[in-house]
Amino acid sequence: MKKRWPILLGVLVFLYALVMYAPLAVVYGYLKPEGSPVELLGIAGTPKQGSAAGVVVRGETAVRDLRWTMSSWQLLIGRAAFDFSGSGDGLVLEGHAALPITGGVRLSNLRASGSVKPLLAALKLFLPIDGQLGLDAQ
6 MKKRWPILLG VLVFLYALVM YAPLAVVYGY LKPEGSPVEL LGIAGTPKQG
56 SAAGVVVRGE TAVRDLRWTM SSWQLLIGRA AFDFSGSGDG LVLEGHAALP
106 ITGGVRLSNL RASGSVKPLL AALKLFLPID GQLGLDAQ
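Number 143 marks the last residue of the sequence shown (the working numbering); no jumps.
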């Protein structure tokens, strides 16, 4: 019984290191869902800390220069939690995302700001409006 604890601890540390420090480009290549409307481009780093050059949604670039840092301690309660930031076409985005083991995505401390024109163009609305837009959601 006493000899099992060091072995179990070693296996847990190995699995933790395998998940947190695996090259994300390789992991994404295996786990990328077929037919998904969302695609990550230029992936670098690890699940713990990494970046993507772009996020494409249905063929349109939604976010550029996406960066994230994973909170390791959240894994102990069965949740993957990330602090993220990114930008795109006059938009700056940052916040916190949590993915519980039960499914879904929970966003908090979401902050976005930028120009109105790219947002209207993305929505296919051609209105003679210009200005700044800000969003701060807790």
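Beta carbons are placed, not taken as given, at the ideal position from N, Cα and C, and that holds for glycine.
Please confirm whether residue i and residue j have their CB atoms less than 9 Å apart.
i: residue 49; j: residue 56; result: yes
i: residue 45; j: residue 60; result: yes
i: residue 2; j: residue 136; result: The chain is shown from 6 up to 143; residue 2 falls before or after that span and cannot be answered.
i: residue 36; j: residue 51; result: no
Using the Cα positions of residue i and residue j, report the straight-line distance between them to the nearest angstrom.
i: residue 15; j: residue 23; result: 12 Å
i: residue 7; j: residue 13; result: 11 Å
i: residue 116; j: residue 143; result: 9 Å
i: residue 119; j: residue 130; result: 17 Å
i: residue 101; j: residue 80; result: 15 Å
i: residue 86; j: residue 104; result: 6 Å
i: residue 169; j: residue 70; result: Residue 169 falls outside the range modelled here, since the chain spans only 6 to 143, and no answer is possible.
i: residue 113; j: residue 132; result: 31 Å
i: residue 106; j: residue 82; result: 9 Å
i: residue 53; j: residue 11; result: 25 Å
i: residue 2; j: residue 9; result: Residue numbering for the chain in the displayed model covers 6 to 143; residue 2 lies beyond these limits and cannot be assessed.
Identify every residue that forms a DSSP beta bridge with residue i.
i: residue 132; result: Looking at the DSSP assignment, residue 132 forms no beta bridge with any residue, so it has no partner.
i: residue 97; result: 92, 118
Would you call the segment 9 to 19 and the segment 65 to 82 touching, i.e. three or more CB-CB distances under 8 Å? no
With three or more C-beta pairs closer than 8 Å as the rule, is the segment 34 to 44 touching the segment 96 to 105? no
In chain order, which beta strand (DSSP E) runs of at least 3 residues are fully inside the segment 44 to 90? 54 to 62, 65 to 76
For a minimum of 4 consecutive residues, which ranges assigned as the alpha helix (DSSP H) are wholly contained in the segment 9 to 45? 9 to 25, 29 to 36
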